[in-house]
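**Student:**
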Amino acid sequence: MDRSIAIVGSGPGGMYVAQALLEKAPTSRIDIFDRLPTPFGLIRGGVAPDHQHTKRVDQKYADIFVKNENVRYLGNVELGRDVTIDDFSAIYNAVVLAYGAPFDNKLGIPGEDNKNVFGSNALVGWYNCHPDFLDLNPNLDIDGVVVIGVGNVAIDVARVLSRTPEEMATTDIADYAISAIDASSLKEVWMVGRRGPIEAAFSNTELKELGALADATSVVDASVIPAEVPTDFEEREKKARGRILDTLRGLADGKAGEKRRTIHIEFFASPVEILGGDTVEGIRMERTKVVGGRCVPTGETYDIPCQMVVTCIGSRAAAIENLPFNERSGIITHEDGKVSPGIYAAGWLKRGATGTIGTNRLDSYAVADLLISEFDGPAKPGPNAFDNLVVERGLKPVTFDDWLVIKDLEEKAATDPAPRRKFATVEEMLDGLGGA
Ligand SMILES: Cc1cc2nc3c(=O)[nH]c(=O)nc-3n(C[C@H](O)[C@H](O)[C@H](O)COP(=O)(O)OP(=O)(O)OC[C@H]3O[C@@H](n4cnc5c(N)ncnc54)[C@H](O)[C@@H]3O)c2cc1C
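Sequential numbering from 3 applies to the sequence shown in our numbering.
#1: Can you tell me whether Pro273 is helix, strand or coil according to DSSP?
#2: Cβ of Gly284 within 8 Å of Cβ of Asp305?
#3: If Ile334 sits next to Ala319, beta carbons under 8 Å apart, how far is it from one beta carbon to the other, in whole angstroms?
#4: Helix, strand or coil: which one does DSSP assign to Arg196?
#5: Taking C-beta to C-beta, are Ala348 and Asp371 nearer than 8 Å?
#6: Can you tell me the Cα-Cα spacing of Gly437 and Asn324, whole angstroms?
#7: Rounded to whole angstroms, what is the Cα-Cα separation between Lys228 and Trp350?
#8: Decide yes or no for the touch test of the region 119–133 against the region 159–168: beta carbon pairs closer than 8 Å, at least 3 of them.
#9: With a threshold of 7 Å, establish whether the CB of Ile359 neighbours any heavy atom of ligand 1.
#10: Could you check which residue in Ile93, Leu109, Glu25 has the C-alpha nearest to that of Phe388?
#11: Could you check if His266 is buried or exposed, using at least 16 other CB atoms within 10 Å of its CB as the buried criterion?
#12: Relative to the alpha-carbon of Ile111, which residue among Met287, Phe377, Val274 has its alpha-carbon at the smallest distance?
#13: Measuring CA to CA, which of Tyr18, Ser6, Arg5, Pro133 is closest to Val369?
#14: Suppose you measure from the CA of Leu188 to the CA of Cys308; what does that come to, to the nearest Å?
#15: Among residues of its own chain, excluding the 5 on either side of Asp177, which ones have a beta-carbon nearer than 6 Å to its beta-carbon?
#16: Using the C-alpha atoms, what's the distance from Gly146 back to Val16?
#17: Return the chain-ordered list of same chain residues with a C-beta closer than 8 Å to the C-beta of Asn154, the five sequence neighbours on each side being excluded.
#18: Would Pro167 be called buried (16 or more neighbouring beta carbons within 10 Å of its own) or exposed?
#19: I'd like to confirm something about Asn328: is its beta-carbon nearer than 7 Å to some heavy atom of ligand 1, or not?
#20: In the structure shown, what three-state DSSP assignment does Pro299 receive?
#21: Just confirm the distance between the C-beta atoms of Ile200 and Arg243, as a whole number of angstroms; I'd bet it's less than 8 Å.
#22: What are the boundary residues of the beta strand (DSSP E) that Asp410 is part of?
#23: Any heavy atom of ligand 1 within a distance shorter than 7 Å of the CB on Asp36?
#24: In its own chain, which residues sit with a C-beta less than 8 Å from the C-beta of Gly441, not counting the 5 before and 5 after it?
#25: Any contact between the region 20–40 and the region 51–58? By contact I mean 3 or more CB pairs, one from each, below 8 Å.
#26: Going by CA-CA distance only, name the one from Ile345, Arg251, Leu215 that's closest to Glu230.
Written as structure tokens, this is what we have:
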């Protein structure tokens with residue numbers, strides 16, 4: 003019997019559930035919804051514009067729609083705005099929530115609400131042309147920026163703010179963003195982490211890129227780099243961390259001020275206050291040390307002058323309707339992906355904002371297995387009933403073919419060698435479809 007499944011969110015979490023369902027329950031009818039007209043979540047709006055190779059995973063996701071008539075894309079349909087969980091539950095045998103975790107965690111320190119203090123989701127969304135952040139207007143008439151965090155997203159932010167227009171020519175960064183970054187008087191980019199080089203969350207590949215920028219030098223204080231990785235790591239992990247230490251040693255030879263911008267990689271410092279009134283004038287940091295794996299404050303503070311702060315300290319999901327939500331972890335409450343009968347969760351909404359694109363694959367496959375094992379009762383009306391709802395409510399879903407039109411228009415609007423020039427607003431996208 004054909005069962006129907008609604009997947010809410012077309013990022014990696016949702017797309018891998020669809021892929022697993024196609025393999026394990028191939029006669030299912032699958033509708034994948036997204037609040038934006040454009041599919042694939044953070045692949046488009048999060049992954050750095052100069053990492054086009056990473057974004058290419060979207061071709062695999064696109065194939066899911068192209069090769070399977072029983073899978074539909076319905077963009078521009080938002081759970082909570084256009085449809086409710088009850089609507090979905092009445093129409094589909096199962097609902098998979100995969101709407102991500104897009105809300106920046108807070109530092110919880112004074113000054114955080116000042117102008118020119120942004121979370122990474124906001125700043126990354128701005129330079130990636132995400133419709134939610136077009137009006138962010140960061141003031142880049144600045145000398146210094148402090149990026150809080152030492153993970154890959156922090157490296158993305160520090161790197162993109164330090165790239166030249168020539169380096170970004172092969173990317174799909176928003177025109178307004180690269181113009182503002184190029185026009186900026188920015189000289190000092192500080193990337194600061196609470197812990198040390200051994201505990202840093204970035205990968206060696208991303209770190210190495212900081213040593214190969216056209217007009218920015220990355221520097222790190224050699225004295226904080228340990229001679230070797232402690233023995234209590236597994237061999238594989240020990241090697242990976244050893245490579246990071248090697249890269250850091252290479253960066254320690256860099257000279258601040260040698261190029262237009264300097265990226266200072268700082269460890270063992272935690273922010274305590276963002277200084278200045280309405281505008282940012284600096285950030286007060288407290289020195290830390292790592293004792294027995296725990297980060298401990300030392301009481302010694304120092305200030306870094308800066309006029310902008312970007313926090314890259316993770317993000318959280320939001321509760322939707324009456325579904326149970328774990329406020330502490332910022333994820334939906336679930337047991338192995340099951341939220342309540344017939345309702346499942348996947349991706350960052352389920353696990354929190356950690357891991358790579360690939361991490362979602364294994365996890366989403368497990369959720370699909372559970373969902374299939376719990377298929378129960380008669381088939382529900384499925385996609386046809388959703389089409390009736392579209393008419394009743396006057397919704398304007400963007401189909402996969404519509405998305406291909408948007409994609410084609412964006413590619414045609416690009417200046418060679420850029421891959422695409424993204425539409426800025428949802429209205430422009432819909433206008434591109436002939437005011438659909
Ligand atoms: C800045 C940044 C850079 C990253 N770079 C990399 C990288 O280089 N390599 C890597 O491996 N991983 C990277 N990641 C991690 C990777 O992007 C995530 O693992 C992955 O995107 C999580 O997938 P998801 O489907 O859970 O969420 P998302 O990708 O966020 O997808 C959620 C989708 O749900 C939609 N949605 C939200 N609310 C609703 C609603 N109410 N109704 C309908 N739809 C809704 C959203 O529009 C979105 O399309 C990066 C993450 C970030 C934040």
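Glycine is no exception: its CB is placed at the ideal position from the N, C-alpha and C atoms. Keep in mind the model is a prediction, meaning the values are calculated, not measured.
**Tutor:** Concretely, from the data shown:
#1: Taking the sequence shown and counting its residues from 1, the one referred to as residue 273 is at position 271. Reduced to three states, the DSSP call for Pro273 is strand.
#2: Locating residue 284 in the sequence shown gives position 282, counting from the first residue. Locating residue 305 in the sequence shown gives position 303, counting from the first residue. Yes.
#3: Residue 334 sits at position 332 when you count from the first residue of the sequence shown. Residue 319 sits at position 317 when you count from the first residue of the sequence shown. At roughly 6 Å, the Cβ-Cβ gap stays under 8 Å, so Ile334 and Ala319 are in contact.
#4: Within the sequence shown, residue 196 is the residue found at index 194, counting from 1. Reduced to three states, the DSSP call for Arg196 is coil.
#5: Position 346 of the sequence shown holds residue 348. Position 369 of the sequence shown holds residue 371. For Ala348 and Asp371, no; Cβs fall outside 8 Å.
#6: For the purposes of this step, residue 437 is taken as the residue at position 435 of the sequence shown. For the purposes of this step, residue 324 is taken as the residue at position 322 of the sequence shown. Reliability fails at Gly437, whose pLDDT of 49 lies under 50, so the model's placement of it is uncertain and the value that follows must be treated cautiously. The alpha-carbon separation between Gly437 and Asn324 amounts to approximately 34 Å.
#7: Residue numbering aside, residue 228 sits at position 226 when the sequence shown is read from its first letter. Residue numbering aside, residue 350 sits at position 348 when the sequence shown is read from its first letter. A small correction: the amino acid at residue 228 is Pro; Lys does not occupy that position in the sequence shown. If you take the alpha carbons of Pro228 and Trp350, they lie about 33 Å apart.
#8: At 8 Å Cβ cutoff, the stretches touch.
#9: Here residue 359 is taken as the residue at index 357 of the sequence shown, counted from 1. Distances between the C-beta of Ile359 and the heavy atoms of ligand 1 include at least one below 7 Å.
#10: Taking the first residue of the sequence shown as 1, we reach residue 388 at position 386. Check the Cα spacing between Phe388 and each of Ile93, Leu109, Glu25: the tightest is with Ile93.
#11: If you number the sequence shown from 1, residue 266 lands on position 264. Buried, because 16 or more other Cβ atoms sit within 10 Å of the Cβ of His266.
#12: Here residue 111 is taken as the residue at index 109 of the sequence shown, counted from 1. Closest option to Ile111, Cα to Cα, is Val274.
#13: Position 367 of the sequence shown, counted from the first residue, corresponds to residue 369. Comparing Cα positions, the closest option is Tyr18.
#14: Position 186 of the sequence shown, counting from 1, holds the residue named residue 188. Position 306 of the sequence shown, counting from 1, holds the residue named residue 308. Leu188 and Cys308 have their C-alpha atoms spaced approximately 10 Å apart.
#15: Taking the sequence shown and counting its residues from 1, one reaches residue 177 at position 175. Contacts found: none.
#16: Taking the sequence shown and counting its residues from 1, the one referred to as residue 16 is at position 14. Taking the sequence shown and counting its residues from 1, the one referred to as residue 146 is at position 144. Residue identity differs from the one stated: residue 16 is Gly in this sequence, not Val. Gly16 and Gly146 have their C-alpha atoms spaced approximately 39 Å apart.
#17: Locating residue 154 in the sequence shown gives position 152, where the first residue counts as 1. Ala203, Phe204, Ser205, Glu208, listed in sequence order.
#18: If you number the sequence shown from 1, residue 167 lands on position 165. In the assembly as shown, Pro167 is an exposed residue. Its beta-carbon has fewer than 16 other beta-carbons within 10 Å.
#19: For the purposes of this step, residue 328 is taken as the residue at position 326 of the sequence shown. No, the beta carbon of Asn328 sits no closer than 7 Å to any heavy atom of ligand 1.
#20: As a first step, residue 299 is located in the sequence shown; it is residue number 297 there, counting from the start. Taken through DSSP and simplified to helix, strand or coil, Pro299 comes out as strand.
#21: Reading the sequence shown from its first residue, position 198 is the one you call residue 200. Reading the sequence shown from its first residue, position 241 is the one you call residue 243. Contact annotation, Ile200 with Arg243: C-beta distance approximately 6 Å; criterion of less than 8 Å satisfied.
#22: The residue labelled residue 410 in the question sits at position 408 within the sequence shown. Taken as a continuous stretch (DSSP letters only), Asp410 belongs to no beta strand (DSSP E), being part of the alpha helix (DSSP H) at 402–415.
#23: For the purposes of this step, residue 36 is identified with residue 34 of the sequence shown, where counting begins at 1. Answer for Asp36: yes, Cβ within range of ligand 1.
#24: For the chain, the structure presents residues 3 to 438; residue 441 sits outside this window and is missing.
#25: By the C-beta criterion, the region 20–40 is judged not to be in contact with the region 51–58, since fewer than 3 inter-stretch pairs fall below 8 Å.
#26: Here residue 230 corresponds to residue number 228 of the sequence shown, with the count starting at 1. Ranking Ile345, Arg251, Leu215 by Cα distance to Glu230 puts Arg251 first.
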